[in-house]
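Comments concern the structure below.
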Amino acid sequence: MQLMTAFNAVANGGDLIQPHIVKEITSVNENGTRIIEETIKPTIKKNVLSEENTAILRGYLERTATQDGPAGSFVQGYDVGAKTGTAQKVDFNTGGYSADKYIASIVALAPVDNPQITAFIAVDEPSTGIYYGGQVASPLMKELFTKIFQYMDTPLAKERFGLSRNVIIPEVRGKSLDEVKEILNANNLEFEVKGNGKTVVSMEPYPGTTVKEGAKITLTAKDTTQIQKNINMPDLKGTTVEFAASILDNLGLDYTISGIGTVYQQSIPSGTVVKKDTKVEIILKEESEY
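Every letter in the sequence shown is one number past the one before it in UniProt numbering, and letter 20, counting from 1, is 20.
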């Protein structure tokens, strides 16, 4: 509880909020109207950390969650910040640390730029022979966040929290405006069209760029066969092989995939501008092998 109280101060911009379970006490009158009887107001210590420093710390947590390793293997869609932990337990017989008993843990928040969720998972004395937080606790956090993100993708949750999911801009160049509008609408992306042609020949940002839902894409439409071919190499680390393959196929990139598990490494760094048909090597690993 103490750890999460401090961690929440990092998540919410520096305010230390008294832990509480009940938000309000309500009742329903004879007409079916919901009445708020009492609102619980926890004690808040303002600015125990500056907003600037908490933003820096969240950035560190995000980099930890996106580095090579199981802490970064979260589902696609929302930016996650996380830190794993591995601790030796105290041996009360010797007064020192145990040589074979551990606590594996992970603490995480999401989304990084507007945290709405914080979670802590600890596994006391893992019995599988593996005891590092990144190998034991991180997959459990991934499972938890997967379920939470499914809820956050509902219209009700998006309206309540004002959240925007990450989207990899799809390739739409060479398609008719009607096709393009349908594809971008399906991805919750806004767009504007320049030119009077019927075929999209260029777009900004390039396909493969990760943006937030609601971002505006600038399309250029002309009646020509000369199509822009620049691609922004997407970040595929931590994704499933099916997701990675579908993205690369859509972008028109050639690729080879080796290994089993989720994407552990890509030969071309994300954000690199490449041409269509560029070949990228994708390496998969099981999370237990990281």
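Glycine included, each C-beta is placed from N, C-alpha and C at the ideal position.
On a predicted model such as this, the values are computed, not experimentally measured, just so you know.
Quick check: the Cα distance between GLU125 and LEU3, rounded to an integer number of angstroms?
19 angstroms
Completely contained alpha helix (DSSP H) runs for the UniProt domain "PASTA" (163 to 223), where each covers 4 or more residues
177 to 186
What three-state label does DSSP hand ASP277 in the structure shown?
coil
Identify the continuous alpha helix (DSSP H) that holds ASP249 and give its terminal residues.
241 to 251
Straight-line Cα distance separating ALA221 from GLY197:
5 angstroms
Please report the distance separating the alpha-carbon of ALA6 from that of PRO42.
15 angstroms
Taking 7 angstroms as the threshold (beta carbon to beta carbon), is GLY13 in contact with chain C?
You won't find chain C in this structure, because it holds only one protein chain.
Looking at the strands, I want to know which residues DSSP matches up with THR94.
Per DSSP, none; premise fails for THR94.
Which two residues bound the contiguous alpha helix (DSSP H) that contains SER50?
That residue, SER50, is in no alpha helix (DSSP H); it is neither H nor E in DSSP.
Going by other Cβ atoms of all chains shown within 10 Å of its Cβ, with 16 needed for buried, is TYR255 buried or exposed?
buried
Starting from PHE232, follow the beta strand (DSSP E) in both directions and report where the run begins and ends.
Reading the sequence as shown, one finds Asn at residue 232 and not Phe. Run containing ASN232: 230 to 232, per the beta strand (DSSP E) assignment.
Using a Cβ-Cβ cut-off of 6 angstroms (strictly less than) and excluding sequence neighbours within five positions of ASN230, which residues of its own chain qualify?
TYR206, VAL273
Have a look at ALA71 and THR128 and give me their C-alpha separation to the nearest angstrom.
Here ALA71 scores only 44 on pLDDT, less than 50, and its place in the model is too uncertain to base an answer on.
Going by beta carbon distance, what residues of the same chain come within less than 6 angstroms of VAL107, once the five residues before and after it are set aside?
PHE7, LYS83, PHE120
Inter-stretch contact at 8 angstroms, needing at least 3 Cβ pairs: the stretch 251 to 270 / the stretch 234 to 242
yes
Given a threshold of 16 other Cβ atoms within 10 Å of its Cβ, counted over all protein chains shown, does GLY208 qualify as buried or as exposed?
buried
Based on DSSP bridge pairs, tell me the residues matched to PHE120.
VAL107
If you drop the 5 nearest sequence neighbours on each side, which residues of the same chain put their C-beta closer than 6 angstroms to that of ASP68?
Because the pLDDT of ASP68 is 46, which lies under 50, any placement of that residue in the model is unreliable, and the number read from its coordinates should be weighed accordingly. Cβ within range, chain order: n/a, list empty.
Tell me whether LEU236 sits in a helix, a strand or coil according to DSSP, three-state version.
coil
Beta-carbon within less than 6 angstroms of ILE44's beta-carbon, same chain only, minus the 5 sequence neighbours each way: which residues are those?
ASP15, ILE17
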